[in-house]
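One structure is given below, encoded as structure tokens.
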Amino acid sequence: MAEIEHYTLNFGPQHPAAHGVLRMILEMDGETIERADPHIGLLHRATEKLAEIKPYNQTIGYMDRLDYVSMMCNEHAYVLAIEKLLGIQAPIRAQYIRVMFAEVTRILNHLMWLGAHGLDVGAMTMFLYCFRDREPLMDAYEAVSGTRMHATYYRPGGVYRDLPESMPQYEKSPWRNEKKLKELNANRQGSLLDFLEDFCQKFDASVDEYESLLTENRIWKQRLVGIGVVSPERAYQLGLTGPMLRGSGVAWDLRKMQPYDAYAELEFDIPVGRNGDSYDRYLVRVEEMRQSNKIILQCIDWLRKNPGPVIIDDHKIAPPKRADVKNDMESLIHHFKLFTEGYCVPEGEAYAAVEHPKGEFGIYLVSDGANKPYRVKIRAPGFAHLSAMDEMSKGHMLADVVAIIGTMDIVFGEIDR
Amino acid sequence: MADKLRQSVEQQLAGKIEQWTIYCDELTIEVAKDNLIEVATALRDQDDFQFEQLIDLCGIDYLTYGQDEWATEEATASGFARGRETEVQASDIERPRFAVVYHLLSVTLNQRIRLRVYVDEESMMLPSVINVWNGANWFEREAFDLFGILFEGHPDLRRILTDYGFIGHPFRKDFPVIGELEMRYDEEKKQCVYEPVSIEERILVPRVIRRDIQGPQSEQSE
């Protein structure tokens, strides 16, 4: 009788459903997975080592590029860690701006997730709808920082600059007639806050539309219910956080339990699942989008009523205004020292974590008193989630592996760093 | 909050903690390698602690801790030279070179703690906490890959982030930022070849230590 061995399949790094460069060696018995061994490191850019040779503010751009679909949340954690070590706190307006953009980033991430997950499982329309809705949010990023994605907007002590009073307008072009132009520019007549408010008011209806495509869909349910089930005990043991943990029924969200910035003053709910399967995690994330919408509206309201500084006054850490630099000697010296050498952070170590759309994103910062960090460890939520891949996919079939990668919301930038 | 935790730790884990520090309202305890598994299990299971989740496990190399490249406290005898040394200089501070830092989270009691264990440079070995928290698997592989710290009892300790066949431990302070090898495709051999790195190190801002900024207050033991 011939001996039957497991079939080894290479779910290669070049694969549309691999969410980046994931190489998985799957040992299969027919269609069922016996063992999954993810090989990562194909996007390893040694961010932590590069951070050791650059002054603190120059690393903020690297942080954007870690989880490249939720940019400002990564910056947020890093900036909070530096603020902890410096012993400073951003002014209240900066905190609200940061919270507003953190929630904008959460919606950006969840839309990307929903689109990519839908596409992998087979619902291609989802991808187009979600990307269409990401456009206004990227326009908001661009209005405030100049770039659509990697903003480098947060700074220790606040944010780089205040929200703009006007939005860029669409111009006349051979492809847009007058009527179309007026339609496109309709929500850009006011400030950024007006633009975002217009987006938020239309967004709930958009989420209803997405839910109508997938939530009650038979095929979606068949592909997701009962796949990748994680019990709360296993979730604790494996270090899962964020929607992976909340989908299993654990009501844990850093925004409520260990609030940072202005979260303690905002009203929102935390969706919690029941069964710990992929369908519950899908529902949790969709509801999180609605809650983020609520938070953004509250922030817009507050920001309209409360003008103020958006970065701390201490010019040993935050650069002075350009006009002052040209007139005042101290400002000139501060500007010079900040942009040549950078500020020196007192000796010590700190860990700052944020409720990133994927889970708990933490930065462990060790300083020895210098102008460059001594060690920056980036605790990425996707790293712990992907390490649970083997356990989650045992006994499932090959197509379910794709659904599981999708439900874990894997983005390689943060896993490999 | 960290103070209450520190009191519980001192009462219940007395004798096993080498040192504790509270800074930025975070408690850090240092534990010897022989007590690690016992302390980890106690932190996971005892009622006062209940640290169900291992959030992070990282290696750290203290070789150049406190080293700076330009003097800032006083003027040098030779004036203000603008050069910097490219050789890695070990710091004067007496301290074991490698350590592993564990970050733990208790969801039930909403508290965090940091655990530091120094690694003996000769053996580079630490007991693995994989049986205490299963999630430590990949984190320990990463500490092994990037620093060379070995974990006894780990079922599958192999490289995770570096290239297949990579030699060296990249995040050690004596490993250059520019790397040692670079890879390119060779037309004649029709394969990828590895060659010594051809770029030069380029660090634009020298490392400088100043003590201008106050920072938060700290509390320490012993």
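Chain order of the listed sequences is W and P.
Numbering of the first sequence is given in the numbering used here, commencing with residue 9 and proceeding in unit increments.
Numbering of the second sequence is given in the numbering used here, commencing with residue 9 and proceeding in unit increments.
All residues carry an ideal CB built from backbone N, CA and C; glycine is no exception.
Here the structure is a predicted model, which is why all the values come from computation and not from measurement.
Take residue 103(W) as the anchor and find which of 46(W), 161(W), 203(W), 281(W) has the nearest alpha-carbon.
-> Out of 46(W), 161(W), 203(W), 281(W), 161(W) has the C-alpha closest to the C-alpha of residue 103(W).
Length of the line joining the Cα atoms of residue 170(P) and residue 150(P) | Those two C-alpha atoms are separated by around 9 Å.
According to DSSP, residues forming a beta bridge with residue 226(P) = In the DSSP assignment, residue 226(P) forms a beta bridge with 31(P).
Chain-ordered residues of the region 380-414 of chain W with a beta carbon less than 7 Å from chain P = The region 380-414 of chain W vs chain P, Cβ under 7 Å: 380, 382, 383, 385, 387, 391, 392, 395.
For residue 43(W), the nearest candidate out of 83(W), 16(W), 118(W) (CA to CA) | Among 83(W), 16(W), 118(W), the Cα nearest to that of residue 43(W) is on 16(W).
7 Å Cβ cut-off: residues of chain W touching residue 220(P) = Residues of chain W passing the Cβ test: 324, 352.
Assuming residue 146(W) and residue 110(W) make a contact with CB atoms under 8 Å, what is their CB distance in whole Å?
-> 16 Å between Cβ atoms; not a contact.
What residues from chain W crowd round residue 63(P), counting only those whose CB sits closer than 9 Å?
-> Contacts between residue 63(P) and chain W, judged by CB atoms closer than 9 Å, involve 247, 249, 359, 361, 368, 370, 387, 392 in chain order.
Report buried or exposed for residue 193(P), applying the criterion of at least 16 other Cβ atoms within 10 angstroms of its Cβ.
-> Exposed.
Could you give the residue range of the beta strand (DSSP E) that holds residue 16(W)?
-> Secondary structure note for residue 16(W): its beta strand (DSSP E) is the uninterrupted segment 15-19.
Candidates 93(P), 209(P), 133(P): closest to residue 44(P) by CA position = That would be 133(P), whose Cα lies nearest to the Cα of residue 44(P).
Leaving aside the five residues before and after residue 51(W) along the sequence, list all residues of the same chain whose C-beta is less than 7 Å from its C-beta, in chain order.
-> Take residue 51(W), set aside five residues on each side of it, and the residues of its chain with a beta-carbon closer than 7 Å to its own are 28, 29, 420, 421, 424, in chain order.
So residue 38(P) packs on residue 26(P), CB below 8 Å; how close in whole Å?
-> For a cut-off of 8 Å, the C-beta gap from residue 38(P) to residue 26(P) is around 4 Å, short enough to register as a contact.
Using three-state DSSP, classify residue 259(W) as helix, strand or coil.
-> Correct three-state label for residue 259(W): coil.
DSSP beta-bridge partners of residue 163(W) = In DSSP, residue 163(W) forms a bridge with 166(W).
Simplified DSSP assignment, three categories, for residue 411(W) | Residue 411(W) carries a helical assignment under DSSP once its states are collapsed to helix, strand and coil.
Thinking C-alpha only, which one of 213(P), 225(P), 9(P), 42(P) is nearest residue 76(P)?
-> It is 213(P) whose Cα lies nearest to the Cα of residue 76(P).
Out of curiosity, what's the CA-to-CA distance linking residue 231(P) and residue 99(P)?
-> Only positions 9 to 230 of chain P appear in this structure, which leaves residue 231(P) out of reach.
Please check if any C-beta of chain P sits within less than 8 Å of the C-beta of residue 349(W).
-> Yes - at least one Cβ of chain P is within 8 Å of the one on residue 349(W).
When 125(P), 136(P), 95(P) are compared against residue 108(P), the one with the closest alpha-carbon | The candidate whose alpha carbon is nearest that of residue 108(P) is 125(P).
Under 7 Å by beta carbon: chain W residues contacting residue 66(P) | What residue 66(P) touches in chain W: 372, 385.
For chain W, find out if any of its Cβ atoms is closer than 8 Å to the Cβ of residue 28(P); answer yes or no.
-> Residue 28(P) does not count as touching chain W.
Spatial neighbours of residue 387(W) in its chain, beta-carbon cut-off 6 Å, leaving aside the 5 residues before and after | Short of 6 Å from the beta carbon of residue 387(W), and not among the five residues preceding or following it, lie these beta carbons of its own chain, in chain order: 370.
By how many angstroms is the C-alpha of residue 56(P) removed from the C-alpha of residue 140(P)?
-> About 17 Å.
Which partner residues does residue 7(W) have in the DSSP bridge list?
-> Look at the range of chain W in this structure, 9 to 425, and you will see that residue 7(W) is not part of it.
Taking the continuous beta strand (DSSP E) assigned at residue 194(P), which residues delimit it?
-> From DSSP, the beta strand (DSSP E) with residue 194(P) extends over 189-194.
Own chain residues within Cβ distance below 8 Å of residue 339(W), not counting five before or after | Setting aside the 5 residues that flank it on each side, residue 339(W) is surrounded in the same chain by 323, 328, 329, 332, 333, each with a C-beta closer than 8 Å to its C-beta; the list follows chain order.
By a C-beta neighbour count over all protein chains shown, 10 Å radius and 16 as the cutoff for buried, is residue 358(W) buried or exposed?
-> With 16 or more Cβ atoms within 10 Å of its Cβ, residue 358(W) is classed as buried.
How about the region 127-138 of chain W and the region 192-200 of chain W: do they share at least three Cβ pairs that are nearer than 8 Å?
-> These segments do not touch.
Residue 112(W) CB to nearest heavy atom of the ligand GTP below 7 Å = Judged by which ligands are present, the structure shown has none, so any question about the ligand GTP falls away.
Using a Cβ-Cβ distance under 8 Å, would residue 192(P) count as near chain W?
-> Closer than 8 Å: no.
Determine the chain P residues that contact residue 456(W) at a beta-carbon separation under 9 Å, and present them in chain order.
-> Residue numbering for chain W in the displayed model covers 9 to 425; residue 456(W) lies beyond these limits and cannot be assessed.
What's the C-alpha gap between residue 379(W) and residue 95(P)?
-> Going by the C-alpha atoms only, they are around 19 Å apart.
Partners in chain W for residue 227(P), counting only beta-carbon separations shorter than 8 Å = Listed along chain W is no residue with a C-beta nearer than 8 Å to that of residue 227(P); the closest approach is about 12 Å.
Looking only at its own chain, which residues have a Cβ that is under 7 Å from the Cβ of residue 232(P), when we skip the five neighbours before and after it?
-> Residue 232(P) is absent from the structure shown; chain P starts at 9 and stops at 230.
Taking a cut of 8 Å between CB atoms, which residues from the region 257-272 of chain W lie near chain P?
-> So the list reads 258, 260, 265, 266, given in the order they occur along the chain.
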